[in-house]
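Taking it in order: structure first as structure tokens, then the write-up.
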Amino acid sequence: MKTINRRSFISKASLGVGAAFVLAQIPKQVLAGARAAKMPLGFQTYPIRDILSKDFAGTLKMMAGQGYQLTEMCSPKGYADSGYGSLVNVKPTDIRSMINDAGLSCPSCHFGFGEFDENNLDDRIEFAHGLGLTK
4 MKTINRRSFI SKASLGVGAA FVLAQIPKQV LAGARAAKMP LGFQTYPIRD ILSKDFAGTL
64 KMMAGQGYQL TEMCSPKGYA DSGYGSLVNV KPTDIRSMIN DAGLSCPSCH FGFGEFDENN
124 LDDRIEFAHG LGLTK
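Every number in this note's numbering is 3 more than the matching position in the sequence shown, counting from 1.
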């Protein structure tokens, strides 16, 4: 086991505390910069899919209450086995209404690769239009 003297310990501990303080300030600066630049804050629905599947509209309202303005959906048909199964039979215009009612907008969406074969392409384009995707 390597020994360390008191002076070296204090020096390294001071550097560690200083680094931790600086790193702790970075998220605040990034968020402050985003707000100052009037950049909307958004979130992806995939990380919170478990609570979304239980209460889609309520979860979106909760996220909007935390200051988010945008969301990025996952295609319910492409991600049905990943927690979006409850939304498979919901019309995209109804999903869009729930998103808008929460005070959010949804400019983009994730799709599974299998959704873009020649048999599903028109349906996926219709879904994108119904959801109001722009990106």
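Just so it is clear, CB atoms sit at the ideal spot from N, CA and C, and this is done for glycine as well.
With the cut-off set at 9 angstroms, would you say residue i and residue j are in Cβ contact?
| i | j | result |
| --- | --- | --- |
| Phe95 | Gly88 | Residue identity differs from the one stated: residue 95 is Pro in this sequence, not Phe. Cβ distance not < 9 angstroms, so Pro95 and Gly88 don't count as in contact. |
| Thr48 | Thr6 | no |
Using 10 angstroms around the beta-carbon of residue i, count the other beta-carbons present and answer buried if the total reaches 16, otherwise exposed.
| i | result |
| --- | --- |
| Gly139 | Any question about residue 139 goes unanswered here, given that the chain covers just 4 to 138. |
| Leu90 | buried |
| Ile102 | buried |
| Ala23 | exposed |
| Ile128 | exposed |
| Phe12 | exposed |
| Leu44 | exposed |
What's the C-alpha gap between residue i and residue j?
| i | j | result |
| --- | --- | --- |
| Met66 | Asp53 | 14 angstroms |
| Ser17 | Gln28 | 17 angstroms |
| Asp97 | Lys15 | 57 angstroms |
| His132 | Ile51 | 24 angstroms |
| Ser108 | Phe119 | 24 angstroms |
| Ala60 | Asn92 | 15 angstroms |
| Phe46 | Arg99 | 16 angstroms |
| Gly19 | Asn8 | 17 angstroms |
Considering only the alpha carbon of each residue, which of the options lies closest to residue i?
| i | options | result |
| --- | --- | --- |
| Lys138 | Met76, Gly21, Arg9 | Met76 |
| Lys41 | Tyr71, Ile7, Ser85, Leu18 | Tyr71 |
| Gly117 | Gly68, Pro110, Asp126, Lys15 | Asp126 |
| Gly115 | Asn123, Ser108, Cys109 | Asn123 |
| Pro110 | Asp84, Asn92, Phe130 | Phe130 |
| Thr62 | Ala105, Leu44, Val25, Ala83 | Ala105 |
| Ala83 | Gly135, Glu121, His113 | His113 |
Which whole-angstrom value describes the C-beta separation of residue i and residue j, a residue pair presumed to lie in contact below a C-beta threshold of 8 angstroms?
| i | j | result |
| --- | --- | --- |
| Gly86 | Ser56 | 5 angstroms |
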